[in-house]
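A.B. asks: Residue numbers (this note's numbering): -3 to 144. Even glycine gets a Cβ: it sits at the ideal position worked out from N, Cα and C. Quick one: the structure is below, and I'll ask about it shortly.
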């Protein structure tokens, strides 16, 4: 199977400590089966849709989750207790990233998978459910929304 190098970029914020910015960014070099990167048009962004793509993304998350979780003393984004789980939310696969403008002019040079990881205290607990609701509403980037 042919693979291509990709950047697996995980953005993490410790919202529980009152900081609304994405303060931690992890750039991990990975390899993706080339069949998953059949880009649409130049500069286009497409949602992760197929089973194969979701399976690959799940593997990426599982492979690096413990490394990310133990890299910092995370606090739960809702209650502030010690985080034991990172809730991962895939943003997009980016095609021809050198042509894309992401967040204030940062140009990406590799094919990139972006994931936001939000610290929570318990797997499938009340805080994780609140984070899921906040993400679904599109308010993951504001501290005020996480505190509401």
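In angstroms with no decimal places, state the Cα-to-Cα distance between residue 68 and residue 28.
C.D. replies: Mapped onto the chain shown, residue 68 falls at position 72. Mapped onto the chain shown, residue 28 falls at position 32. In a straight line, the C-alpha of residue 68 is about 27 Å away from that of residue 28.
A.B. asks: Where does residue 84 fall in DSSP's three states?
C.D. replies: On the chain shown, residue 84 is found 88 positions in, with the first residue counted as 1. Of the three classes helix, strand and coil, the one that applies to residue 84 here is strand, per DSSP.
A.B. asks: Between residue 48 and the rest of its own chain, which residues show a CB-CB distance below 7 Å, the 5 nearest in sequence each way excluded?
C.D. replies: Looking up residue 48 in the chain shown gives position 52. Here the set comprises 32.
A.B. asks: Under 8 Å between the Cβ atoms of residue 86 and residue 79?
C.D. replies: Your numbering for residue 86 matches position 90 in the chain shown. Your numbering for residue 79 matches position 83 in the chain shown. Going by C-beta atoms, residue 86 is not nearer than 8 Å to residue 79.
A.B. asks: Within the continuous alpha helix (DSSP H) that includes residue 51, where are the two ends?
C.D. replies: Position 55 of the chain shown, counted from the start, is the residue given in the question as residue 51. Per DSSP, residue 51 belongs to the alpha helix (DSSP H) from 47 to 65.
A.B. asks: Going by beta carbon distance, what residues of the same chain come within less than 6 Å of residue -2, once the five residues before and after it are set aside?
C.D. replies: Within the chain shown, residue -2 is the residue found at index 2, counting from 1. Excluding positions up to five away in sequence, the list reads 30.
A.B. asks: How far does the beta strand (DSSP E) with residue 8 in it reach, from first residue to last?
C.D. replies: If you number the chain shown from 1, residue 8 lands on position 12. Start and end: -1 to 8.
A.B. asks: For the beta strand (DSSP E) holding residue 31, just list the boundary residues, first then last.
C.D. replies: Within the chain shown, numbered from 1, the residue matching residue 31 stands at position 35. Residue 31 -> no beta strand (DSSP E), and no H or E assigned at all.
A.B. asks: Tell me the rounded alpha-carbon separation between residue 2 and residue 53.
C.D. replies: The residue given as residue 2 occupies position 6 in the chain shown. The residue given as residue 53 occupies position 57 in the chain shown. So the alpha carbons of these two residues sit roughly 12 Å apart.
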